[in-house]
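Here's the structure we're looking at; comments come further down.
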Amino acid sequence: MAALTINNVVKNYGQGDVLKGINIAINSGEFLILVGPSGCGKSTLMNMIAGLETVTSGEILMGDDDVTNVEPKDRDIAMVFQSYALYPNMSVAENIAFGLEIRKVPKDERMKEVQRVAKLLQIEHLLDRKPGQLSGGQRQRVAMGRALARRPRLYLFDEPLSNLDAKLRVEMRTEIKKLHQNLGTTIVYVTHDQIEAMTLADRIAVMKDGIVQQFGTPQEIYDNPANQFVAGFMGSPAMNFIPCRLVGKGTEIMAEVQDAFGKVQYLPVPNPQALASMSGKDVILGLRPEKITEPLQHKEHEPLIRHLQLKVLVTEPTGADTMLVSELNGEQVDCRVGPRFGVKPGEITDLMLDMSLAVFFDPETGARIDQ
Amino acid sequence: MPIHESGMSSTGSVLVRRHSKLVVSRIRAAWVFLLPMLLLLLVVAGWPLLRTIWFSLTDATFSNMEQASFIGLENYLIYEDGEWFGILADGLWWRAVWNTLTFTAFSVSLELVLGMIFALVLNAEFPMRGLVRAAVLIPWAIPTIVSAKIWGWMLHDQFGIVNHILMSLALIDSPLSWTASADLSLWAVIVVDVWKTTPFMALLILAALQMLPSDCYEAARVDGIHPVKVFFRVTLPLIMPALVVAVTFRVLDALRVFDVIYVLTSNSSDTMSISVFARQQLVEFQQVGYGSAASVLVFLSVMSLTLIWMYLSNRSSNHGGVK
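Sequence lines, in order, name chains A and B. Sequence positions in the first sequence follow our numbering and run 1 to 371. Sequence positions in the second sequence follow our numbering and run 1001 to 1323.
In structure tokens form, the structure reads like this:
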């Protein structure tokens, strides 16, 4: 059953549309992430789901109920705010119980619920403290506790981790994922962090300029981006974009590149049928950094493997692996090699390109052309 | 190694001396900054205060200020020929104390409630808010003498606009003498003070309201908490420290009230505050000793209230933890 359906929703503040017809539907128990750069409209959309902002046109359904014009309090939602929004004058326990108190839940039941949530989030020892006496991570837990105590049909998380330091952010990310797995709740989660989006989501809506650029599972979006923006936004380091020309070689169509010696080389494409009519055209080849590696023996026999002699410009060891910055067709390209692959800047080395997940874009529009 | 050791100790002592020199120069700088203000306070506050206390212990009058003789606490209280004399046995003094307390209690609580309402309205978003905010401040910006004179004319029993309006609305049959009647005059004074000082209260509360985090109000909206409940459970506790300060300021101010009462009702015993009482004794009856004793009593009561308040607020901030 669809837990949340957003039908052609438009938002206009008076100077053009901020949201230009959003369509998203998720099932009960799904974890939806709205991701995009700042100003893409993701927070506006979240506030409209919460009912904090009005909908200019279109409709929002929760289950089978049209909630487009329903007050926030009657939508049966709970929200975790970026700034936590705890009541500074109330203790942690009071903060968690306040929403229940308003709903006239009897006192002993409230206490039980506070205990359950506190145990779930491991904040039992903090119940008597005021928010001012808590660290950022603890406040974050309390804010989540307040949402969890309500057991609504939909949880909204508005950039909940963006105020935490890097280490704590990773920890809380895992906690949230665990919570979702254990409780099976339906969550809508806004973030600008593509790693959060990839790790947490069942489904991601990548947004830009008030438009959903792509809506799909994390792997779909990673492997099969709908356009150059999505391809560049999701994944870190970002996908390499190499300008090149498509040429017909006999019955096949191939991408033409130049290696470090200026010698022309031809790279195979994974979906030649779609590109068959584009011989002679300039396109953008998208190839993720982990698809350009040192020669790997076990992959040699795969069909779309090619080798190129490329010049190493910079090496950036991260410990687990090393990022090589190289150059291909005048564009810098990132390559991910093993930590023991001993090359120095300035050297020309043999790198292996796996073209099986290569994608192609129109250089003008950024649209995918190989599907 | 003796040479090396002496070298060590000499650099050590140089370090110590430099350090103490720095401290000395800092202390000196602090005194240089403090001294002008301390001198000023001594001249304009300390000296008059000490002289007033001294006069209150003498039989000084305007004509014999120099030959005044020490009479101990006789100005305050003395038992003579089977009767009590002195300020503390003076019916008019106690009347003034009662008037002052009534005035303080009613004016400050009315100002608090109205100021809160004003502040909440001014804190909401509406068109021309800046203009309204400025307009609300006008009564407070007018000097008290001027506004009290304006109100004096408005409340005039024969020519006043207040009586005129009430009569034409048929709310009263005959003109009321607002500032002269024993039943009405204290209330008239309170109303004028409330009119004048509510903006000050509103300003202090508005400042506190603007410091509040906006996010928990959004959270309250999502949680479906009624705005009235949010006010009493969230807003009020959060602005309580500011309210306490505002009320303390106003109480201390109201206990010393003089101008609005003196201009509206001059020396009427129905509205006489303790400051008016002290002025009457000092200036009109020329009883410098007696009047000074009254002033000292005003000073002592305001000071002890301040000390109590400072003690209580210190204790709550030390033991209450984060509010």
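Glycine residues also receive a C-beta, built at the ideal position from the N, C-alpha and C atoms.
A distance below 8 angstroms separates the beta carbons of A:Q82 and A:E159. Every unbroken stretch of the beta strand (DSSP E) spanning 3 or more residues and falling wholly within the stretch 212-272 of chain A is given here in chain order: 240-249, 252-258 and 264-268.
In the displayed model, A:Y189 falls within a strand according to three-state DSSP.
At a cut-off of 8 angstroms between beta carbons, A:G137 makes no contact with chain B.
The alpha-carbon separation between A:N69 and A:F215 amounts to approximately 25 angstroms. For A:E113, the enclosing alpha helix (DSSP H) covers residues K107 to L121. Rounded to whole angstroms, the gap between the alpha carbons of B:D1193 and B:W1031 is 41 angstroms.
Under the 8 angstroms Cβ criterion, the stretch 1204-1219 of chain B counts as touching the stretch 1118-1127 of chain B, having at least three qualifying pairs. Interface flag for B:I1138 against chain A is unset, since no Cβ pair is found closer than 8 angstroms. Contact of B:L1238 with chain A by beta-carbon distance below 8 angstroms involves P88 and N89. Contact note: A:P225 does not reach chain B at a C-beta cutoff of 8 angstroms; the least C-beta distance is about 34 angstroms. Inclusion of B:A1029 and B:S1273 in the CB contact set at 8 angstroms is not warranted, their separation being larger than that value.
Taken in chain order, the complete alpha helix (DSSP H) segments of 4 or more residues contained in the stretch 1179-1236 of chain B are 1185-1210, 1215-1222 and 1227-1230.
For A:E124, no alpha helix (DSSP H) run applies, since DSSP gives it neither H nor E. Cβ atoms of B:R1256 and B:V1298 come within 8 angstroms of each other, at about 7 angstroms.
At least 8 angstroms separates the beta-carbon of A:L86 from that of A:I187.
In the structure shown, A:L310 adopts extended strand secondary structure according to DSSP, grouped into three states.
For B:E1125, not one C-beta of chain A is nearer than 8 angstroms to its own C-beta. Shortest Cα-Cα distance from B:S1063 to any of B:V1288, B:I1145, B:V1296 and B:L1312 involves B:V1288. Contact annotation for A:G99 against chain B: D1223 [CB-CB distance below 7 angstroms, chain order].
Annotated as proximal: B:S1185 and B:S1268, with beta-carbon spacing under 8 angstroms.
Under the criterion of beta carbons closer than 8 angstroms, A:A238 and A:P218 do not qualify as touching, at roughly 16 angstroms. Less than 8 angstroms divides the Cβ of A:N240 from the Cβ of A:P289. In the structure shown, the three-state DSSP call for A:V70 is coil.
In the DSSP annotation of this structure, B:Q1280 is not part of any alpha helix (DSSP H), being labelled neither H nor E. By the Cβ-count criterion, B:Y1262 is buried, with 16 or more other Cβ atoms from all chains shown falling within 10 Å of its own Cβ. For A:A85, the chain B residues whose C-beta falls within less than 8 angstroms of its own C-beta are P1213, D1215, C1216, E1218 and A1219, listed in chain order.
The beta carbon of A:G58 sits closer than 8 angstroms to the beta carbons of I6, N7, N8, V9, V10, G21, I22 and T68 from its chain, once the five residues preceding and following it are set aside; these are given in chain order.
The criterion of a C-beta distance shorter than 8 angstroms is satisfied by B:G1224 and A:I102.
In this structure, DSSP gives A:K208 an extended state, which the three-state scheme calls strand. Nearest CB-CB separation between B:K1196 and chain A: not below the 8 angstroms threshold. Using a Cβ-Cβ cut-off of 8 angstroms, A:L52 counts as an interface residue toward chain B, since at least one Cβ of chain B sits closer than that to its own.
Non-local C-beta neighbours of B:F1277 in its own chain, meaning closer than 8 angstroms and more than five positions away in sequence, comprise L1092, W1093, A1096 and A1294, ordered along the chain.
Any Cβ of chain A closer than 8 angstroms to the Cβ of B:K1229 would place that residue at the interface, and such an atom is present. Between A:M352 and A:P303, the CB-CB gap reaches or exceeds 8 angstroms. Listed in chain order, the non-local C-beta contacts of A:P345 below 8 angstroms within the same chain comprise V312, L313, V314 and T315, local neighbours out to five positions each way being set aside.
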